[in-house]
Ligand SMILES: Cc1ncc(COP(=O)(O)O)c(C=O)c1O
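In the numbering used here, the protein residues as written are 8 to 469.
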């Protein structure tokens, strides 16, 4: 039985007729009147659900096991758990988090090829059987700690089309696979499938096509060694948002569907899962940061008064976030960081090459360089979209700066849709109904005695 209340999920309703952008505007207005201008996030859980619906529509054969490492915030994983996804966990902590939300162990894959024995023992003790490996030493460790494991052999695949590569550190080369499978057989272990990761932020659909073809080869090798594999795991790598008029994800989906139908048709009975991380939370998050310092530089001729300087002007902004808090992932080349000034630019307004630095004493704490922006003033705000992936889980408190807080929201319409999906999946929904006299936002408050049991599946079925 799951409790389905906004309070349990950790969000408040967006007031009717209010958008996320309106909410950010209101919050900035309120903060601007005070000294407390800390950076903050607004995260729309409805967007996480829309991404889920997109996934189900485009690649219906593939069950997503969300990569918790990407963003382990409770409202995010709670929403995905309600929608019925599985979860890719890398540690005891992540496994515990998902178990504490009532996720069945069969919906968890321990997808870290290198596992600490205490974490392995935790998995065994809690019935988590699916796990990955890519080398002999790991097989020996698994045989000692959890003989009932259901193993997936992670293979190294071509990740050259991705922004963040994986296959140097993880994955067995194809030529090593027969030896590893024989070793697993000797140790009496059950290898049930193959996994791979095409690299994070994959830019090319063909990466999945090639990797699925490689996986087919390994299924065939395994059959010769006496394993009848039943599970294929397509890993992560899917983009977190669509650029205008380009949906890389839809292109990937077309290729993935075609390749699966060719090499793993439904008739094989092979179950297909995947481990999308950034795909789900990225676009749900907007970050607002305050400009706490500004420096204008011009070429010498402008200082000499020989020209007005506008053509040679570059601006440096210092904001109250940075690479040690939200922007740790900008150390990866070409990561998409898309700043905008909160104040909308006027038609014809001039834009300047702008570098945005973080607030710490670290000389490398730079968020973007020479990005074209209209001029903003100290005390004003900048916004960053698509900030839900590898941000809130990688923050530190370096230099003593606080981590930005997140306000989670959802519209009532999205919430109703989520309840329907959860109920259709067989969840008995314990629902907190707002009284007609409640303020629009008040129904996130739990009032003991008001909770009613609903089986929405039953209702829908009528
Ligand atoms: C094993 C594994 N699966 C899935 C993911 C999620 O990748 P992405 O966020 O690119 O979808 C990662 C990311 O590091 C990973 O290491």
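Backbone N, C-alpha and C fix where the C-beta goes; we use that ideal spot for every residue, glycine too. A quick note: this is a predicted structure, and the numbers were derived from the prediction, not measured.
State yes or no: is the C-beta of residue i nearer than 7 Å to some heavy atom of ligand 1?
i, result
"residue 39", "no"
"residue 282", "yes"
"residue 203", "no"
"residue 77", "yes"
"residue 114", "no"
"residue 58", "no"
"residue 286", "yes"
"residue 134", "no"
"residue 95", "yes"
"residue 379", "no"
"residue 207", "yes"
"residue 118", "yes"
"residue 74", "yes"
"residue 244", "yes"
"residue 396", "yes"
Please check the pair residue i and residue j, which I expect to be a contact at CB under 8 Å, by giving their CB distance rounded to whole angstroms.
i, j, result
"residue 53", "residue 432", "No, residue 53 and residue 432 are not in contact; Cβ-Cβ is about 18 Å, not under 8 Å."
"residue 428", "residue 260", "Not confirmed; about 20 Å, so no contact."
"residue 224", "residue 179", "About 12 Å separates the two Cβ atoms, so there is no contact after all."
"residue 348", "residue 389", "6 Å"
"residue 383", "residue 280", "Not a contact, Cβ separation roughly 45 Å."
For residue i, count the other beta carbons within 10 Å of its own beta carbon; 16 or more makes it buried, fewer makes it exposed. Which is it?
i, result
"residue 354", "exposed"
"residue 122", "buried"
"residue 147", "exposed"
"residue 459", "Reliability of the predicted coordinates at residue 459 is poor, the pLDDT of 33 falling under 50, and no value is obtained from them."
"residue 155", "exposed"
"residue 166", "buried"
"residue 393", "buried"
"residue 391", "buried"
"residue 136", "buried"
"residue 358", "exposed"
"residue 446", "Legend: pLDDT at residue 446 = 37, less than 50; position of this residue unreliable, value from coordinates given subsequently. When all chains shown are included, residue 446 counts as exposed."
"residue 351", "exposed"
"residue 14", "exposed"
"residue 76", "buried"
"residue 318", "exposed"
"residue 60", "exposed"
"residue 273", "exposed"
"residue 237", "exposed"
"residue 48", "buried"
"residue 18", "buried"
"residue 23", "exposed"
"residue 27", "buried"
Specify the secondary structure class of residue i as computed by DSSP and reduced to three states.
i, result
"residue 372", "coil"
"residue 4", "Residue 4 cannot be examined here, being either before or after the span of the chain that is shown, 8 to 469."
"residue 353", "coil"
"residue 163", "coil"
"residue 93", "strand"
"residue 68", "coil"
"residue 304", "strand"
"residue 297", "strand"
"residue 219", "helix"
"residue 35", "helix"
"residue 56", "helix"
"residue 209", "strand"
"residue 179", "strand"
"residue 46", "coil"
"residue 430", "helix"
"residue 461", "Residue placement at residue 461 is poorly supported in this model, since its pLDDT is 33, which falls under 50; the coordinates still yield a value, given next. Strand at residue 461."
"residue 439", "Model confidence at residue 439 stands at a pLDDT of 46, short of 50, so the residue's coordinates are unreliable and nothing is read from them."
"residue 200", "strand"
"residue 480", "The displayed coordinates of the chain run from 8 to 469. Any statement about residue 480 would go beyond what the structure contains."
"residue 347", "strand"
"residue 83", "helix"
"residue 365", "coil"
Any beta-carbon of chain C closer than 8 Å to the one on residue i?
i, result
"residue 348", "This model lacks chain C altogether; it includes just one protein chain."
Verify the contact flag: residue i, CB atom, against every heavy atom of ligand 3, threshold strictly below 7 Å.
i, result
"residue 237", "Because ligand 3 does not appear in the structure shown, any question about it cannot be addressed here, the ligands present being ligand 1."
Take every Cβ of the region 183–191, pair it with every Cβ of the region 202–209, and state whether three or more of those distances are shorter than 8 Å. The region 202–209 and the region 183–191 do not touch, with fewer than three beta-carbon pairs separated by less than 8 Å.
Three Cβ pairs or more, each shorter than 8 Å: is that satisfied between the region 295–306 and the region 261–268? No, because fewer than three Cβ pairs between the region 295–306 and the region 261–268 fall closer than 8 Å, the two stretches do not touch.
State whether the region 229–236 contacts the region 161–181, with contact taken as three or more CB pairs (one from each stretch) at a distance under 8 Å. no
Count the CB pairs spanning the region 288–298 and the region 326–333 that are closer than 8 Å, and state whether there are at least three. yes
Do the region 78–95 and the region 415–426 make contact, defined as three or more Cβ pairs closer than 8 Å? yes
Determine, using beta-carbon pairs with one atom in the region 210–225 and one in the region 393–411, whether at least three such pairs fall under 8 Å. no
Is it true that the region 111–125 meets the region 86–102, where meeting means three or more beta-carbon pairs spaced less than 8 Å apart? The region 111–125 is in contact with the region 86–102.
Is the region 241–250 close to the region 272–289, with three or more CB pairs under 8 Å? yes
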